[in-house]
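Q: I have a structure here, written as structure tokens, and I will follow up with some questions on it.
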Amino acid sequence: MVTTLLVATVALAIIFDFINGFHDAANSIATIVSTKVLTPFQAVLWAAFFNFLAYVAVRYWGFHGGNFEVANTVAKTVLMKFITIQVVLAGLVAAIIWNLITWWFGIPSSSSHTLIGGFAGAGMTNALFLGANAFSAVNTAVVLKTVAYIFLAPFIGLFIAYLVTILILHLCKRAKPAKAERWFKLGQLVSSAALSFAHGGNDAQKVMGIIYVALVSQQVITAGTPMPNWIPICCYSAIALGTMSGGWKIVKTMGTKITKVTPLEGVAAESAGAITLFITENFGIPVSTTHTITGSIIGVGLTKRVSAVRWGVTINLVWAWIITIPISALLAGAVFVLARHF
């Protein structure tokens, strides 16, 4: 049954995807803007196009086997018997609040972990009201995998970026600097496109999973039935439009504050980030694109020297990552208590 609360929840989910787009736009355009390969406006158009192209690739080209594995994983974060429309609504509201707070202060936190933390926190609070153990509401395997990749994704990105940078430097050691610089600027168009493609495929799917369980909770569709086409179309469109709106505070942090990035290093960082996301998407792991590209940028900085990375900024980012899930969960719990009255 379609209710006003369900419509409001779906609308909030699409709004969250839009916010996710401008909050995480820095992931795919920060380096290409800081190296002046594209203007900010050109960069967001470029990234938005490839965000949406990810949907076309999965739905019509059979990319990742034509399956939205990340969406399936997120949908299983909370056990179905503890999911109500109020749980989904509370999770989304909490995720939007935390995303806007971190965007305002220019902190590149994870929209993915914000959403998962909010969803889990609301589900756990519902379990308490039902007289059950809070932790019995969540799928432990999904949550532990997500938490593990808070730390693993940046290190994977860092490792791949370090190797790619060393490889590029070795292959191009006899190239003329001016000519190499031109080629790397062109290469950044390709690497940033790949990262935007991976970002769209990874992040849009998380909200798809949330909308799906909202529909199941209201018996609009039955669990296990194929996802209606309008869900991915709306989610991929929203994240692409959000990317087009920018997110310049976070672009500044990602593009200049962690380490100074050249076109060569931009290619390496973006390529490493894209490779990491493609691998994790294939296994349905909802990793953070923010964490991944941050680790990749650190990786290219380390090829110069350890002091090239501004560790003070990096440590502050890590703390933001660590507190995102618990704060989102607590916010969602508080919102759920209010939402129970609707």
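Going by my numbering, the residue at position 124 of the sequence shown is 223; the numbering climbs one at a time, nothing skipped.
All C-beta atoms in this analysis are idealised placements derived from N, C-alpha and C, irrespective of residue type, glycine included.
1) For a cutoff of 8 Å on Cβ pairs, would you count L178 as touching chain D?
2) Can you give me the Cβ contacts of A419 inside the same chain, cut-off strictly under 6 Å, excluding the 5 residues immediately before and after it?
3) Do F115 and L214 come within 8 Å of each other at the CB atom, strictly closer than that value?
4) State the beta-bridge partners of V177 as determined by DSSP.
5) Could you give the distance in angstroms between the alpha-carbon of A107 and the alpha-carbon of P331?
6) Around the Cβ of W145, are there at least 16 other Cβ atoms within 10 angstroms (buried) or fewer (exposed)?
7) Spatial neighbours of A431 within its chain, please: C-beta separation below 6 Å, excluding the five flanking residues on both sides.
8) Give the DSSP-derived three-state secondary structure of L229 in the structure shown.
9) Contact defined as beta carbons within less than 8 Å: I believe A226 pairs with A236. What is the distance between those atoms, to the nearest angstrom?
10) From E369 to S395, what does the alpha carbon distance come to, in whole angstroms?
11) What did DSSP end up calling S209 once you bin it into helix, strand or coil?
12) Is the CB-CB distance between N119 and I338 below 8 Å?
13) Helix, strand or coil for R88? Go by DSSP, reduced to three states.
14) Mapping DSSP to helix, strand and coil, what is N171?
15) For I113, which residues in the same chain have their Cβ closer than 6 Å to its Cβ, ignoring the five residues on either side in sequence?
16) If we call anything under 8 Å between Cβ atoms a contact, is G308 one with A174?
17) Near L376, what residues of its chain come up, given a Cβ to Cβ distance below 8 Å and the 5 sequence neighbours on each side ignored?
18) For F181, which residues of its own chain have a beta-carbon under 6 Å away from its beta-carbon, when the five flanking residues on both sides are left out?
19) Whole-angstrom Cβ separation of G341 and F117, contact assumed at under 8 Å?
20) Which residues in the same chain have their Cβ closer than 7 Å to the Cβ of A322, if we skip the five residues on either side of it in sequence?
A: Per the coordinate set shown:
1) Given the protein chain composition of this structure (a single chain), no chain D is represented.
2) I206, S208
3) yes
4) V237
5) 18 Å
6) buried
7) A189, G190, A193, G217, G220, A221
8) coil
9) 4 Å
10) 7 Å
11) coil
12) yes
13) For residue 88 there is no data in the structure shown, the boundaries of the chain being 100 and 441.
14) helix
15) C333, A337
16) yes
17) L294, A297, H298, G300, N301, V386, T388, T391
18) G222, N225, A226, A236
19) 4 Å
20) M179, V315
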